[in-house]
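A.B. asks:
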Amino acid sequence: MEKGRGEKSVRFQGWLWCISLSGVSVTGQGGITRCALCKHRPLSLLLTTSSCSFLQWEEVSGYDENLNTIRTYQVCNVFEPNQNNWLLTTFINRRGAHRIYTEMRFTVRDCSSLPNVPGSCKETFNLYYYETDSVIATKKSAFWTEAPYLKVDTIAADESFSQVDFGGRLMKVNTEVRSFGPLTRNGFYLAFQDYGACMSLLSVRVFFKKCPSVVQNFAIFPETMTGAESTSLVTARGTCIPNAEEVDVPIKLYCNGDGEWMVPIGRCTCKAGYEPENNVACKACPAGTFKASQGSGLCVPCPPNSRSSAEASPVCPCRNGYYRADFDPPAAACTSEYGIGLQGLWHPPRETGGRDDVTYNIICKKCRSDRRACSRCDDNVDFVPRQLGLTDTRVFISNLWAHTPYTFEIQAVNGVSNKSPFPQQHVSVNITTNQAAPSTVPIMHQVSATMRSITLSWPQPEQPNGIILDYEIRYYEKLSRICTPDTNTARLEGLRPGMVYVVQVRARTVAGYGKYSGKMCFQTLTDGESEQLPLIAGSAAAGVVFIVSLVAISIVCSRWVPVGYVSLEGGGMKIYIDPFTYEDPNEAVREFAKEIDVSFVKIEEVIGAGEFGEVYKGRLKLPGKREIYVAIKTLKAGYSEKQRRDFLSEASIMGQFDHPNIIRLEGVVTKSRPVMIITEFMENGALDSFLRQNDGQFTVIQLVGMLRGIAAGMKYLAEMNYVHRDLAARNILVNSNLVCKVSDFGLSRYLQDDTSDPTYTSSLGGKIPVRWTAPEAIAYRKFTSASDVWSYGIVMWEVMSFGERPYWDMSNQDVINAIEQDYRLPPPMDCPAALHQLMLDCWQKDRNTRPRFSEIVNTLDKMIRNPASLKTVATITAVPSQPLLDRSIPDFTAFTSVDDWLSAVKMSQYRDSFLTAGFTSLQDLLRIGVTLAGHQKKILNSVQSMRVQMSQSPTSMA
């Protein structure tokens, strides 16, 4: 099969069957393709049922329009009435085609040219087809009379011929194409019926149309059959070519009835490290070039002071001694604050040997101060334009060490230098680089602290570039220079108790000051705290002192929360840093959240609405990693800078955490719109709604396992000195393996009063979730890990009650009053006594007596290891002494109808079933359609409580 020629659009045809009695290949209509690959199959000559026994089609010799001798099937029984002559093809397999095309080349004798012809003479014939799944016709069968043929059309000649035309015999050849469909069986037969024409059938071509396999918009579309109708459009899905990724989805083309592609939708583009080639392939960037992001851009040379030694590089790594800042794009040149540059210039040699191909090589040697010993320079020394093969008498040498003697040999060579027996001539230049400023102090450590002083130490700069004369320290609220020659420690005095100070330090040599170190936070002690001293290792023999460093990078103390509490776990140190303490909050985002190119993110569907915009489900495909599902929080359009800062603060917080029970941050998109926060996708959504949807479907051990995961996540946060402040089942997410993860770290809701959510009630200028909040946090905004423990107790109650709302329909003020009067939530139905006791421990009024999360995890672990401890169910007093809180058992004596009673136990969905069944007792719950075990237990427990109350009250329910 070949592509069409001489046509604007490309049409492909598949061959099913072809006959040419002359044995010559037949050219298709419009020059589309040729029948070169077809098998020549004979037509079946089937006798008619006419009274004349030999009236039939017969194979004879004839002439085509060019007077070439050909073989044809011919019939010309026009002088006999009631002609019915049939010609049948062999079985033709349709090969998946839905619509078939038949091209017929034939001649027809003009009836008027025949003498004494009767009125039954025709100049037309009929085309039929019959669908079947297998071969059923033989030469002995009367198949043409028995089969339910479907007529395609009556075929008429455009031109007929006479016996004598311009003095000789000449046939006028007609070509007609007809199509039929839709076809559903394995194959079909074609039949040609002559009913009174004098005609010859020269050739028959049977074919179908299809759209060819094509690469368009960097996507591969497979070969596609056309539809059953000539006007049909068949959708073909495309897949990105190798090294390309989707940009717009879905990717598809439509194949029309003529075998032409049309209406492209979606596209792919070459991914980072690959460039487009002829619009059909993505070629890897060669070594020395790079392409930073997905798209139609081309590979470009590496920026100055960087290199890529491998193909398909999305970024060129910096050469030794050169760096990019965290916020520098991949196209930025690598720079260094260190090193000395040297501009070299020399004269060409007086004698060139009669050649004009003189070049120069530079040999660099670094020497001792007395120049008695020299060695080759380090690889990081840079020569511009190059070190060897220079054609100009000039070179710039950079990244040299400060205050260091160097020797440079300049060799002049030409095309025959390597053939000379004499050594190459060269000129040596001796220099000593100037003194340079020292590099940045990498870090500072707190040695000790009192109420009014902090003692700090720091290592020497990595490249001192000479003798350090002194250091300069500056810190929050005032600038102070402290000259401390030969030492790298300092004591800051005259400070205020309980204050956090930002401190920076820089070193000075005779060449001047280096750059200040990063901003670090240290806190003085409050009244009553003992002096903080360095942490001493346990080995007296080693005598190693570990300075516990309280490092908070790039923070300005304009708004402070306590920082600097350190926990050691597995030998590591974890410190939570409040992003709101940064002078530029964007710096916190860059520090803790990875920037993701928007081309790696594919949004699929909306799954909810967040505080700042919609929440989507999508997919994330990072280079070199497998594609994963993610949740995507977006910032709605028209946001203010404050809203953007508050939105991204959640990412700055989340990015500091790494724990299996804390929602994982994948990264952020801040360089395009909309701004996004991308996290792992949790299939089962929020814990409260998940439990309500599965009421009564989990065992106690499964519920305890969920609680243990939440407690483990909170233990991790507490050890990092992070206070959540909004721990609730709605802020716990559940994945497909029932793993619970703490989420929702957006603290902005505590800083504003414009939310309409009744869950959060104003208190002392902020919004707080009253039903989940400890009393000291409500009254004095004293949020600590202990207040998170109180909230955890409420989460336990939510889990064991399968998502029941804490304190039911009580108002927030009633809840506050009840807690102050020492009311506590009763145990949920079937709640083990040990779990309810743990809840009560979490709800201790004195926050210092509440368990820590580490203790809660240990307690739950013991329960899981000893399931028997969960067998004892907490009992509910039949007539509660404090009905204000004990809403799990309503006062049944106050009800006058079944409807009231069902509403009280939140089982109104069974109202019609009770009434239809003529309900008078609660003995047969299954009979009236209550099938869920949890609902059965809830109703049975309420019935039991009702009986107790009825026995103690003279009234009864109507």
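Read in order, the letters of the sequence shown are residues 1 to 958 in UniProt numbering. By construction, the Cβ of each residue, glycine as well, lies at the ideal position given by its N, Cα and C atoms. Since we're looking at a predicted model, the values are computed, not measured.
#1: Using 8 Å for Cβ pairs, my map puts residue 784 next to residue 847. What's the rounded Cβ distance?
#2: I'd like the list of long-range same chain contacts for residue 643, defined as Cβ closer than 6 Å, with 5 residues on each side in sequence excluded.
#3: When the Cα atoms are used, what is the spatial distance from residue 301 to residue 387?
#4: With DSSP collapsed to three states, give me the class of residue 916.
#5: How long is the line joining the alpha carbons of residue 305 and residue 463, rounded to whole angstroms?
#6: Going by DSSP, what residues sit across from residue 506 in a beta bridge?
#7: Identify the continuous alpha helix (DSSP H) that holds residue 814 and give its terminal residues.
#8: Look at the alpha carbon of residue 73 and the alpha carbon of residue 198, and state the distance between them as a whole number of angstroms.
#9: Could you tell me the alpha carbon to alpha carbon distance between residue 586 and residue 645, rounded to whole angstroms?
#10: One question on the structure: do residue 75 and residue 85 come within less than 7 Å of each other, judged by their Cβ atoms?
#11: I'd like to confirm the pairing. Which residues does DSSP put opposite residue 430 in its beta bridges?
#12: Would you say the beta carbon of residue 100 is closer than 6 Å to some non-hydrogen atom of the ligand COA?
#13: Please name the residue in 368, 414 and 836 whose C-alpha comes closest to that of residue 874.
#14: Check each candidate in 444, 453 and 454 and name the one with the smallest Cα separation from residue 461.
#15: If contact is defined by three or more beta carbon pairs under 8 Å, each pair taking one atom from either stretch, is the region 664-671 in contact with the region 709-719?
#16: Quick one: using the 10 Å Cβ neighbour count with 16 as the cut-off for buried, is residue 262 buried or exposed?
#17: Put residue 582 into one of helix, strand or coil per three-state DSSP.
#18: Have a look at the DSSP bridge pairing and note the partners of residue 608.
#19: Assuming contact is defined by CB atoms lying nearer than 7 Å, are residue 181 and residue 91 in contact in what I supplied?
#20: Tell me which residues share the same chain as residue 277 and place their Cβ nearer than 8 Å to its Cβ, disregarding the 5 neighbours each side in the sequence.
#21: Taking the C-alpha atoms as reference points, what is the distance between residue 576 and residue 736?
#22: Less than 8 Å between the CB atoms is what I'm expecting for residue 217 and residue 233, so what's the real figure, rounded?
#23: Given that a residue counts as buried once 16 or more other Cβ atoms are within 10 Å of its Cβ, and exposed if not, what is residue 827?
#24: Using only alpha-carbon positions, find the residue among 872, 689 and 778 that is nearest to residue 801.
#25: Among 811, 637 and 227, which one has its Cα closest to the Cα of residue 975?
#26: Sorted by chain position, which residues of the same chain lie with C-beta nearer than 6 Å to residue 81's C-beta, five sequence neighbours on each side aside?
#27: Measure the alpha-carbon distance for residue 381 versus residue 515 and round it to whole angstroms.
#28: Would the region 810-822 count as touching the region 858-869 if we require 3 or more Cβ pairs under 8 Å?
#29: Rounded to a whole number of angstroms, what is the C-alpha to C-alpha distance between residue 41 and residue 111?
#30: What does the Cβ neighbour count give for residue 793, buried or exposed, with the cut at 16 atoms within 10 Å?
#31: Where does residue 713 fall in DSSP's three states?
#32: Short of 8 Å in beta carbon distance, which residues of its chain neighbour residue 223, apart from the five on each side in sequence? Order them along the chain.
#33: On the three-state DSSP scale, how would you describe residue 673?
#34: To the nearest angstrom, how far is it from the Cα of residue 789 to the Cα of residue 590?
#35: Would you tell me roughly how many angstroms separate the C-alpha atoms of residue 621 and residue 628, rounded to the nearest one?
#36: Please identify the residue among 912, 78 and 101 whose C-alpha is closest to the C-alpha of residue 116.
C.D. replies: In short, the structure shows the following:
#1: Position 784 of the sequence shown, counted from the start, is the residue given in the question as residue 784. Position 847 of the sequence shown, counted from the start, is the residue given in the question as residue 847. Contact between residue 784 and residue 847 holds: their C-beta atoms lie close to 7 Å from each other, under 8 Å.
#2: By 1-based counting over the sequence shown, the position of residue 643 is 643. Taken in chain order, the list of residues that qualify is empty.
#3: Against the sequence shown, residue 301 aligns to sequence position 301. Against the sequence shown, residue 387 aligns to sequence position 387. Taking the CA atoms as reference points, residue 301 sits about 19 Å from residue 387.
#4: Translated into positions along the sequence shown, residue 916 becomes position 916. Correct three-state label for residue 916: helix.
#5: Position 305 of the sequence shown, counted from the first residue, corresponds to residue 305. Position 463 of the sequence shown, counted from the first residue, corresponds to residue 463. One Cα belongs to residue 305, the other to residue 463, and the distance between them is close to 19 Å.
#6: Locating residue 506 in the sequence shown gives position 506, where the first residue counts as 1. In DSSP, residue 506 forms a bridge with 472.
#7: For this step, residue 814 is matched to residue 814 along the sequence shown. Residue 814: member of the alpha helix (DSSP H) spanning 812-820, first to last residue.
#8: Looking up residue 73 in the sequence shown gives position 73. Looking up residue 198 in the sequence shown gives position 198. The alpha-carbon atoms of residue 73 and residue 198 are separated by roughly 11 Å.
#9: Taking the first residue of the sequence shown as position 1, residue 586 is located at position 586. Taking the first residue of the sequence shown as position 1, residue 645 is located at position 645. Cα to Cα, residue 586 sits roughly 7 Å from residue 645.
#10: Here residue 75 is taken as the residue at index 75 of the sequence shown, counted from 1. Here residue 85 is taken as the residue at index 85 of the sequence shown, counted from 1. Between residue 75 and residue 85, the C-beta gap is smaller than 7 Å, which places the two residues in contact.
#11: As a position in the sequence shown, residue 430 is number 430, starting the count at 1. Answer is 407.
#12: This structure lacks the ligand COA, and indeed carries no ligand of any kind.
#13: Locating residue 874 in the sequence shown gives position 874, counting from the first residue. Out of 368, 414 and 836, 836 has the C-alpha closest to the C-alpha of residue 874.
#14: Residue 461 sits at position 461 when you count from the first residue of the sequence shown. Ranking 444, 453 and 454 by Cα distance to residue 461 puts 444 first.
#15: Too few Cβ pairs lie closer than 8 Å, so no.
#16: On the sequence shown, position 262 is the one that residue 262 refers to. Classification for residue 262: exposed.
#17: For the purposes of this step, residue 582 is identified with residue 582 of the sequence shown, where counting begins at 1. Under the three-state reduction of DSSP, residue 582 is assigned to coil, being neither helix nor strand.
#18: For the purposes of this step, residue 608 is taken as residue 608 along the sequence shown, with counting starting at 1. Within the DSSP bridge table, the entry for residue 608 names 615 as partners.
#19: Numbered from its first residue, the sequence shown carries residue 181 at position 181. Numbered from its first residue, the sequence shown carries residue 91 at position 91. Contact: no.
#20: Counted from its first residue, the sequence shown places residue 277 at position 277. The residues are 283.
#21: For the purposes of this step, residue 576 is taken as the residue at position 576 of the sequence shown. For the purposes of this step, residue 736 is taken as the residue at position 736 of the sequence shown. Straight-line spacing of the CA atoms in residue 576 and residue 736 works out to 29 Å.
#22: Locating residue 217 in the sequence shown gives position 217, where the first residue counts as 1. Locating residue 233 in the sequence shown gives position 233, where the first residue counts as 1. That belief does not hold up - the Cβ atoms of residue 217 and residue 233 are roughly 18 Å apart, past 8 Å.
#23: Residue 827 sits at position 827 when you count from the first residue of the sequence shown. With 16 or more Cβ atoms within 10 Å of its Cβ, residue 827 is classed as buried.
#24: Counting from 1 along the sequence shown, the entry for residue 801 is found at position 801. Ranking 872, 689 and 778 by Cα distance to residue 801 puts 689 first.
#25: Nothing can be reported for residue 975: it is not among the residues displayed for the chain, which extend from 1 to 958.
#26: Walking along the sequence shown from the start, residue 81 turns up at place 81. Close CB contacts of residue 81 within its chain, under the 6 Å cut and outside five residues either way in sequence, are with 120 (chain order).
#27: Counting from 1 along the sequence shown, the entry for residue 381 is found at position 381. Counting from 1 along the sequence shown, the entry for residue 515 is found at position 515. Rounded to whole angstroms, residue 381 and residue 515 show a C-alpha spacing of 22 Å.
#28: The region 810-822 is not in contact with the region 858-869.
#29: Translated into positions along the sequence shown, residue 41 becomes position 41. Translated into positions along the sequence shown, residue 111 becomes position 111. Residue confidence for residue 41 is low, a pLDDT of 35 falling below 50, so the modelled location carries little weight; the figure read from the coordinates is stated next. Rounded to whole angstroms, residue 41 and residue 111 show a C-alpha spacing of 31 Å.
#30: Here residue 793 corresponds to residue number 793 of the sequence shown, with the count starting at 1. Residue 793 is classed as buried because its beta carbon has at least 16 other beta carbons within 10 Å across all chains shown.
#31: One-based indexing of the sequence shown puts residue 713 at position 713. Here residue 713 carries a helix assignment [DSSP, helix/strand/coil].
#32: As a working note, residue 223 is residue 223 in the sequence shown. Answer for residue 223: 12, 210, 211, 212 and 213, listed in chain order.
#33: Within the sequence shown, the letter at position 673 stands for residue 673. If DSSP states are grouped into helix, strand and coil, residue 673 belongs with coil.
#34: Here the question's residue 789 lines up with position 789 in the sequence shown. Here the question's residue 590 lines up with position 590 in the sequence shown. Cα to Cα, residue 789 sits roughly 32 Å from residue 590.
#35: The residue you call residue 621 lines up with position 621 of the sequence shown. The residue you call residue 628 lines up with position 628 of the sequence shown. If I take the Cα positions, the gap works out to 7 Å.
#36: Sequence index remark: in the sequence shown, residue 116 carries index 116 (1-based). Looking at the Cα atoms, 78 is the closest of the given residues.
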